[in-house]
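Using the numbering used here, the first residue of the sequence shown is number 52, and each one after it goes up by one. Written out below as structure tokens is the structure these notes cover.
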Amino acid sequence: MDHLREVGPWCRRKYQQVFRKKILYKRVPVLSWLPKYNTDDFVGDLVAGFTVGLTVIPQALAYSSIAGLPAAYGLYGSFLGCFVYIFLGSSKDVPMGPTAIASLLTFQATQGVWQKAVLLCFLSGVVELLMGLFGLGFLIDFVSGPVSSGFTSAAAFIILSSQVKDLLGITAKGNTFVQQWKSIFADIHHTQLGDALINRIKSSLIFHDTNFGKKWVKHQDS
52 MDHLREVGPW
62 CRRKYQQVFR
72 KKILYKRVPV
82 LSWLPKYNTD
92 DFVGDLVAGF
102 TVGLTVIPQA
112 LAYSSIAGLP
122 AAYGLYGSFL
132 GCFVYIFLGS
142 SKDVPMGPTA
152 IASLLTFQAT
162 QGVWQKAVLL
172 CFLSGVVELL
182 MGLFGLGFLI
192 DFVSGPVSSG
202 FTSAAAFIIL
212 SSQVKDLLGI
222 TAKGNTFVQQ
232 WKSIFADIHH
242 TQLGDALINR
252 IKSSLIFHDT
262 NFGKKWVKHQ
272 DS
């Protein structure tokens, strides 16, 4: 019973800590910068938003494919998150939206069922909101660098494997790394040469543009 009596005061203390004016400005940064917003800021944000939006569209389509969801859900995830981040975000340089790893984990959990994906996103948002309000970001300190690197590298291989079938124009299936490659080799004789050629050309252009951009930046710096 003594422990139950302490719950009420503890909740009140946490409430006061979370909703103090200084803390409120920290948790909802829009309250501090919106009164200083002007026309010049709006024009710059409009140009930047339009430019970034054009690059987000193909990226969102790719992420929806990784998650096994219709293309529209990739667009929803890319744009709706930005509207929420306007009020809760503390950095103007951090992009919002789905990522390759999050898309892969979504597919593993929902198997392409959009109702489950929507529920998963909602519950994840609730958990992250509560963690942010109670300052639980320190928990990431318990995840070591090698663990994060290993997880990211493994996810990269799995994502690459999931896209090989699209690069070759075949209908390989499978939920795991081994299943996907078994299905690819079993169906590789159905490869569409046109799809494979187009994807090969696009991949070459992407790598060429990336290397050209790095060389151009080095040339400008020198």
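Backbone N, C-alpha and C fix where the C-beta goes; we use that ideal spot for every residue, glycine too. Keep in mind that this is a model prediction, so the values were computed, not measured.
- The segment 231 to 250 and the segment 170 to 187 do not touch, with fewer than three beta-carbon pairs separated by less than 8 Å.
- Contact check for residue 154 against residue 118 passes: the beta carbons are separated by less than 7 Å.
- Pairwise C-beta distances place the segment 159 to 175 out of contact with the segment 214 to 224, as fewer than three of them are shorter than 8 Å.
- Nearest C-alpha to residue 230 among 170, 216, 242: 216.
- Note on geometry: alpha-carbon atoms of residue 90 and residue 107 lie some 25 Å from one another.
- Residue 163 carries a coil assignment under DSSP once its states are collapsed to helix, strand and coil.
- Residue 193 places its beta carbon 7 Å or farther from that of residue 209.
- Using a 10 angstroms sphere on the CB of residue 115, the tally of other CB atoms reaches 16 or more, which defines it as buried.
- In the three-state reduction of the DSSP assignment, residue 148 falls in the coil class.
- Sixteen is the threshold: when 16 or more other Cβ atoms of the shown chains lie within 10 Å of the Cβ of residue 111, as they do, the residue is buried.
- When secondary structure is reduced to three states using DSSP, residue 90 falls in the helix class.
- A residue is called buried once 16 or more other Cβ atoms fall within 10 Å of its Cβ, and residue 157 is buried on that count.
- Between residue 81 and residue 138, the C-beta gap is smaller than 7 Å, which places the two residues in contact.
- About 6 Å separates the beta carbons of residue 129 and residue 149, which is inside the 8 Å limit, making them a contact pair.
- If you draw a straight line from the Cα of residue 249 to the Cα of residue 87, it is about 49 Å long.
- If you ignore the 5 residues before and after residue 225, its C-beta comes within less than 6 Å of the C-beta of 231, 234, all in its own chain and listed in chain order.
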